[in-house]
Amino acid sequence: LMSYCREKFEINNNYSAADMRIIAGLRYSIKTRYIDKLYLPDYVFVQDASMELITSLKENNVPGFEVTVSYTRQYHTNLAAHLLGYTGKMNAEEYTTYKTQGYPMSATVGKDGAELAFEKYLHGTNGTAIVTKNASGTVTGTTYTKEPEPGDQVSLTIDLDLQAAAEQSLTRGIENMKSKSTETSDAVGGGALVAVDVATGQPLAIANYPTFDLQTLFQSQESYDAVKDAENEPLFNRALLGQYSPGSTFKPC
Numbered sequence: 001l002m003s004y005c006r007e008k009f010e011i012n013n014n015y016s017a018a019d020m021r022i023i024a025g026l027r028y029s030i031k032t033r034y035i036d037k038l039y040l041p042d043y044v045f046v047q048d049a050s051m052e053l054i055t056s057l058k059e060n061n062v063p064g065f066e067v068t069v070s071y072t073r074q075y076h077t078n079l080a081a082h083l084l085g086y087t088g089k090m091n092a093e094e095y096t097t098y099k100t101q102g103y104p105m106s107a108t109v110g111k112d113g114a115e116l117a118f119e120k121y122l123h124g125t126n127g128t129a130i131v132t133k134n135a136s137g138t139v140t141g142t143t144y145t146k147e148p149e150p151g152d153q154v155s156l157t158i159d160l161d162l163q164a165a166a167e168q169s170l171t172r173g174i175e176n177m178k179s180k181s182t183e184t185s186d187a188v189g190g191g192a193l194v195a196v197d198v199a200t201g202q203p204l205a206i207a208n209y210p211t212f213d214l215q216t217l218f219q220s221q222e223s224y225d226a227v228k229d230a231e232n233e234p235l236f237n238r239a240l241l242g243q244y245s246p247g248s249t250f251k252p253c
C-alpha cells in the first residue's frame with residue numbers, strides 16, 4: 001500500500017515511512033476535495049499558526065503557501081450561551097442542504113441556537129475576487145469583483161438583566177443543593193430555568209446549568225474537547241431539549 005501511495009502521490013524515497021504516511025494522507029485529502037465538484041481553492045494545513053511558523057514561511061519564501069487571516073464571531077456577553085449558539089465550518093451532510101442556496105463548502109454556518117435558527121438572515125452574501133498566482137503558487141495580485149454584504153440584524157425577546165439574574169439564581173440553587181451530602185443532592189447534574197411573559201408567551205430568560213463561555217469555547221481544540229467531554233454535559237440545552245417530569249405548573253388560590 002505504501003509503495004502504491006508513494007508512486008501515486010509522487011513522494012520522494014528520501015522520506016521516512018512515518019513522514020510518507022503523513023504526506024500521503026495530506027495529498028489524499030487534497031485530492032478528495034475535488035470529488036463531486038467541490039473545487040475548494042485552498043487547503044488549510046495549519047490553523048492558529050504561531051508567529052514563529054509564519055515568519056519561517058515568509059523568510060524562506062516557501063512556494064505554494066499563503067498566510068491568510070480568518071474571522072470568528074465575537075460575542076459581547078457570556079450570558080445565554082445555549083440560546084445564542086455558535087458557528088462553525090459546515091460538514092458534508094450540511095453541505096448537501098446549503099449548496100442549493102449557493103453556499104460554498106468552505107462557508108461558516110450556524111451550528112446551534114439562534115445562530116442555526118436564523119442562519120438565512122444572519123449569513124449575508126459572499127463577495128468574489130480574482131486571485132492571480134505565479135507558477136510556484138505565490139499570490140501576485142487580488143482584484144475584488146464584488147464586495148461582501150453583511151447579514152441582517154436579529155433581535156431576541158431575552159432581557160439580559162433578567163437572564164443574568166436567572167443564571168445566577170440557578171447556579172446558586174444547584175451548587176447549594178450539591179453542597180449538601182444527601183442521596184438527592186449527589187444525583188443533581190444540572191438544571192434549567194425559563195421565564196416567560198404570561199401575556200404574550202415571549203421568553204424573557206432561558207438559563208441552563210452548567211453552561212459554557214462562547215468566547216473561549218473554540219479558542220483551541222483542547223478547550224472545546226474539555227467542554228464537550230465534561231461529565232455534566234455543559235453543551236446540552238436542558239431548558240429546550242431536556243425531558244423531565246412536569247412539576248406543579250398551577251398554584252390555584
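Residue 1 is where the sequence shown starts when you use the UniProt record's numbering, and the numbers rise one by one after that. For glycine and all other residues, C-beta sits at the position ideal for the given N, C-alpha and C. Values in this document were obtained by computation on a predicted structure and should not be read as measured data.
In whole angstroms, what is the alpha-carbon distance linking residue i and residue j?
i, j, result
"LEU79", "THR125", "28 angstroms"
"ASN13", "GLU7", "10 angstroms"
"PRO210", "THR72", "24 angstroms"
"ARG172", "GLY190", "12 angstroms"
"THR77", "MET2", "51 angstroms"
"HIS82", "LEU235", "7 angstroms"
"MET177", "ALA199", "33 angstroms"
"ASN208", "GLU222", "23 angstroms"
"GLU149", "ASN91", "24 angstroms"
"LEU116", "TYR4", "43 angstroms"
"THR25", "TYR15", "This sequence places Gly at residue 25; Thr is not what is there. Answer to the nearest angstrom: the Cα atoms are 14 angstroms apart."
"TYR224", "GLN215", "11 angstroms"
"PHE212", "VAL227", "7 angstroms"
"SER56", "GLY151", "37 angstroms"
"TYR31", "LYS89", "Reading the sequence as shown, one finds Lys at residue 31 and not Tyr. Spanning the two alpha carbons is a distance of roughly 19 angstroms."
"SER245", "VAL188", "15 angstroms"
"LEU162", "LEU170", "12 angstroms"
Provide the residue span of the alpha helix (DSSP H) that contains residue i, from first to last.
i, result
"GLY173", "160 to 179"
"GLN221", "221 to 228"
"LEU241", "238 to 241"
"TYR4", "2 to 8"
Can you tell me which of the options puts its alpha carbon nearest to the alpha carbon of residue i?
i, options, result
"LYS120", "MET105, THR96 and GLN153", "GLN153"
"THR145", "LEU160, ALA129 and TYR86", "ALA129"
"GLU66", "TYR75, THR77 and ILE54", "ILE54"
"TYR28", "TYR43, TYR15 and ALA107", "TYR43"
"PHE118", "TYR86, LEU217, THR96 and ASN91", "TYR86"
"LEU217", "HIS123, TYR98 and TYR75", "TYR75"
"SER50", "ASN91, LYS228 and SER220", "SER220"
"ALA166", "VAL188, ILE206 and THR100", "ILE206"
"ASN61", "VAL139, GLU149, VAL194 and ASP159", "VAL139"
"ALA239", "ASP213, VAL227, LEU214 and ALA195", "ALA195"
"VAL69", "LEU57, SER179, GLU94 and GLN47", "GLN47"
"LEU241", "PHE9, LEU193 and LYS58", "LEU193"
"THR157", "ALA164, GLN202 and ASP19", "GLN202"
"LEU84", "PHE9, GLY110, ASP19 and GLU59", "GLY110"
Could you have a look at residue i and say whether DSSP puts it in helix, strand or coil?
i, result
"LYS99", "helix"
"THR32", "helix"
"GLU115", "helix"
"GLU149", "strand"
"THR68", "coil"
"THR216", "helix"
"THR77", "coil"
"THR55", "helix"
"LEU83", "helix"
Tell me, which residues are paired with residue i by DSSP?
i, result
"VAL109", "GLY88"
"GLU93", "Beta-bridge pairing links GLU93 to no other residue."
"THR200", "Paired residues: none, contrary to the question."
"THR125", "GLU149"
Specify, as a first and last residue, the run of the beta strand (DSSP E) that residue i falls within.
i, result
"VAL196", "191 to 196"
"residue 255", "The structure shown does not extend to residue 255, since the chain spans only 1 to 253, so no value can be given for it."
"ILE130", "128 to 133"
"ILE206", "203 to 209"
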